[in-house]
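Each remark here refers to the structure printed beneath this line.
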Amino acid sequence: MKGAITIGTIQAFILYTKQFSRSVNEIANQYAQIQTAIAGAERVFEVMDTPSETDNTAYNLTAESIRGDISFKEVDFSYVEDRPVLKNFSLDIKQGEKVAVVGATGSGKTTIVNLLTRFYDINGGVITVDGVDIRNTDRYELRKSIAMVLQDTVLFSGSIEDNITYGKQDATLDEMEKAAVFANADRFISNYPDDYRTVLTENGEDLSEGQRQLLAIARAVLSDPKILILDEATSSVDTRTEAELQSAMVKLMKNRTSIIIAHRLSTIRDADRIVVLNNGSIAESGSHDELLSLKGVYYSLYQKQFEGQET
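Be aware that the sequence shown starts at 1, since it is given in this note's numbering, and climbs by one per residue.
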């Protein structure tokens, strides 16, 4: 039949169509990758162009002289203008006191830590350490006196020894081993053939979550801080590992000013004081038993976590 399309013609047409569309898709994919690279480069250059932190102040405190008295006085702060995170926030923490901070997500718990370490400067009010405005202190000296154990532990590609001594790079081998023993980390480290010289993968992926946290605690022990911050340090581990971590952290917190941020209320029962945040302000403050007796915000949080259990 004249003018009829043969099977060969249809097959050739489909083949050419696929070849054409494949090229178009490859160009589109390359364009998407270029856009992603440009966005990444913009962020990198933004960081590179950020001015270095400067301190044009008289340095009234050193890491060695800091005792650990902390005071937030009528502090106001917002990451974005007209969207306050902390409002007229006041809190006094005495040297050696163990204070837990709880509250719903977005209530300002981690912001308190960011302001104390001067990752951000406050919009109003004043934060003091040992009675000295932290804006009149050297950032390096202030941060050197503070150790943090976070929910997500940052480890580097290197030996276990390198990762622990990151907290004090001039530490001796004996000091490093004592810190690991203090943190209960030596138990799993000794199982490796190379002991403390065992090389970890990037971010310690070959370790369990609990083992990474124990290394973070050992790092904090070695730095011998005056102020300790525990930010959700046990929220990603199982109950058995949590008990081991709690034992190490109790020893670490002894005689140190400690700020504990936690969602698991079972980990803060023994705190000297529990501060409950609500929308950037202190809703309640007191011991575990005192707050339960009030039957307020803390009581509500506790009941949600331990429904059906005796208080």
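Even for Gly, the Cβ is constructed at its ideal location relative to N, Cα and C. Computed from a prediction, not measured in an experiment: that's the story for all the values here.
Distances from the CA of ALA283 to each of GLY8, LEU207, THR267 and SER300 were compared; the closest alpha carbon is that of SER300. Using a Cβ-Cβ distance cut-off of 8 Å, the stretch 210–222 and the stretch 184–193 are in contact, since at least three pairs of beta carbons, one from each stretch, lie closer than that value. Per the DSSP secondary-structure output, LYS98 pairs in a beta bridge with SER258. Proximity of the stretch 64–77 to the stretch 109–128 meets the contact definition, three or more beta-carbon pairs being nearer than 8 Å. Per DSSP, GLY167 has no beta bridge partner at all.
Just measuring C-alpha positions, the residue of GLU232, PHE182 and ASN255 sitting nearest ARG219 is PHE182. In this structure, the alpha-carbon of ARG197 lies about 28 Å from that of ARG143.
In this structure the stretch 107–120 does not lie against the stretch 32–42, because fewer than three pairs of beta carbons, one per stretch, are closer than 8 Å.
By the Cβ neighbour-count rule, ILE260 is buried, with 16 or more other Cβ atoms within 10 Å of its own. Taking a contact to require three or more Cβ pairs closer than 8 Å, the stretch 243–254 and the stretch 79–87 do not qualify as touching. Around the CB of ASP206, fewer than 16 other CB atoms lie within 10 Å, so the residue is classed as exposed. In the DSSP assignment, ARG273 falls within the beta strand (DSSP E) that extends over 273–278. By the CB criterion at 8 Å, ILE274 and ALA100 fall inside the cutoff.
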